[in-house]
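Under this note's numbering, the letters of the sequence shown match residues 470 to 773, in that order.
This report refers to the structure that appears directly beneath it.
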Amino acid sequence: MLILIDCKTSSILLILMKISLVLFLSLYCITCIAQRTITGTVTNNSGIPVLGATVLIKGTDNEVNTDFDGNYSIDIEEDDVLIFSSVGYETQEISAGKNNVINVSLVSGITGCYFWNDPTHRIKSMYGVNYKTLGIEFKTRWHQLNHLELNGRITTNLESNKEIQVETIKPVRINGIYIKPGLSFHQADFESNILHKYEFFITKDFGLGADPHQHIKISTGLINYSSSQRLYYEEVGYGIEIRKRVFRGGFFFTTGYTYWEGINEVELKGDYNIRYNWIVNVRYHHISNYEEVSLGISYNLRNW
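Following this line, the structure appears as structure tokens:
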């Protein structure tokens, strides 16, 4: 009798174990089906990838950060809501739904109004120490023209010394990587030191925030240079420029070097965001006998 009871008990236990195993496997499969991986790219409103942007599942501690090219990957469930955020941008919330790819364009935090068809716009006044010049510099970007950017600078002492520089930049995407090729023309005449410079360059942003970005720039071009000492050069050159945030806060330092075979060109710039969009600028530029130090203050209609 005892043996019969043990057998029945064993059979019941075996059945219960099978039922439990089936329920466990069913729940596991349901969970696997419910969970999936979402990928995507986070860019700013200029189409530039945002490095280090946070992608967070709302109501959890599950988050990831975007890589150098703005890409991310995160495991989610269908009912999850993703929160996209980064310094200098407005936070966005997007329901995952049944999407497998979610690309997001973050909008810069705005502290001013827009001019000229909603461009990013900056204007700067400058004073040249060595040649006693006054100048103005502007930067503007038109979203309606596929984010075409135009920068210009003019300085003069209202007599013989003068400088003009114009450059245009157009962001493009090649194999998923955003770069900014551009053309630049620079003309200067300071106490018979005369230069004409034509350059083609490619810039790659790698910084956080909207404007300006940390970047690296590679350039090549042609220079015509003559001085009061009857020196004359017409050379092809190659250069590199790096812009980097050097301290916590809004201080950026730019260093550039161009080798023109017969002469060397060095340019150093510092920018410090003193309050909201007010920026103090210092610039040092040296080519052979031409050497200039300028001080400036600029106003940016968008956050750094």
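Beta carbons are placed, not taken as given, at the ideal position from N, Cα and C, and that holds for glycine.
Buried or exposed (CB count within 10 angstroms, at least 16 for buried), residue i
{"i": "LYS686", "result": "buried"}
{"i": "LEU764", "result": "exposed"}
{"i": "LYS666", "result": "buried"}
{"i": "HIS664", "result": "Residue identity differs from the one stated: residue 664 is Leu in this sequence, not His. Buried, since its Cβ has 16 or more Cβ neighbours within 10 Å."}
{"i": "LEU614", "result": "exposed"}
{"i": "GLY566", "result": "exposed"}
{"i": "GLU628", "result": "exposed"}
{"i": "ASP721", "result": "In the sequence as presented, Asp is not what sits at residue 721; that position holds Phe. So PHE721 counts as buried."}
{"i": "PHE716", "result": "exposed"}
{"i": "GLN698", "result": "exposed"}
{"i": "THR602", "result": "buried"}
{"i": "TRP812", "result": "Absent from the model: residue 812. The displayed extent of the chain is 470 to 773, so no value can be given."}
{"i": "GLU761", "result": "buried"}
{"i": "ARG642", "result": "exposed"}
{"i": "GLU606", "result": "buried"}
{"i": "ARG744", "result": "exposed"}
Residue i Cβ short of 8 Å to the ligand SAM heavy atom set
{"i": "TYR647", "result": "Of the ligands one can find in the structure shown there are none, so the ligand SAM has no counterpart to examine."}
Residue i (DSSP reduced to helix, strand or coil)
{"i": "LEU691", "result": "strand"}
{"i": "LEU614", "result": "helix"}
{"i": "PHE716", "result": "coil"}
{"i": "SER542", "result": "strand"}
{"i": "GLN537", "result": "Correcting the residue identity first, residue 537 is Phe in this sequence and not Gln. Here PHE537 sits in coil by DSSP."}
{"i": "VAL598", "result": "coil"}
{"i": "PHE675", "result": "coil"}
{"i": "GLY731", "result": "coil"}
{"i": "GLY776", "result": "Since the displayed the chain opens at 470 and closes at 773, residue 776 lies outside it and no answer follows."}
{"i": "LYS567", "result": "coil"}
{"i": "SER577", "result": "strand"}
{"i": "ALA657", "result": "strand"}
{"i": "ASN662", "result": "strand"}
{"i": "LEU652", "result": "strand"}
{"i": "VAL749", "result": "strand"}
{"i": "ILE517", "result": "coil"}
{"i": "ASN742", "result": "strand"}
{"i": "ASN769", "result": "strand"}
{"i": "GLN561", "result": "strand"}
{"i": "LYS639", "result": "coil"}
{"i": "VAL556", "result": "coil"}
C-beta atoms of residue i and residue j nearer than 9 Å
{"i": "GLU632", "j": "ASP674", "result": "no"}
{"i": "LYS738", "j": "THR727", "result": "no"}
{"i": "GLY638", "j": "THR672", "result": "As written in the sequence, residue 638 is Ile, which differs from the Gly given in the question. Contact: yes."}
{"i": "VAL511", "j": "SER574", "result": "yes"}
{"i": "VAL533", "j": "SER542", "result": "yes"}
{"i": "THR506", "j": "ASP544", "result": "yes"}
{"i": "SER757", "j": "TYR702", "result": "yes"}
{"i": "ASN769", "j": "ARG610", "result": "no"}
{"i": "ASN620", "j": "LYS608", "result": "yes"}
Integer-rounded CB distance, given that residue j should sit under 8 Å from residue i
{"i": "ASN750", "j": "ILE732", "result": "Actually they are not in contact, since the Cβ atoms of ASN750 and ILE732 sit about 25 Å apart, beyond 8 Å."}
{"i": "TYR647", "j": "GLY516", "result": "6 Å"}
{"i": "THR689", "j": "GLU668", "result": "7 Å"}
{"i": "HIS616", "j": "PRO640", "result": "5 Å"}
Interface flag, residue i vs chain D, CB-CB below 9 Å
{"i": "TYR707", "result": "No chain D is present in this structure, which holds just one protein chain."}
Closer than 8 Å is the cut-off here; do at least three beta carbon pairs connect the region 624-644 with the region 590-601?
Contact check between the region 624-644 and the region 590-601: three or more CB pairs, one atom from each, fall below 8 Å, which counts as touching.
Within 8 Å, do at least three Cβ pairs link the region 510-525 to the region 552-560?
Look at the beta carbons and you see the region 552-560 touching the region 510-525: at least three pairs across the two are nearer than 8 Å.
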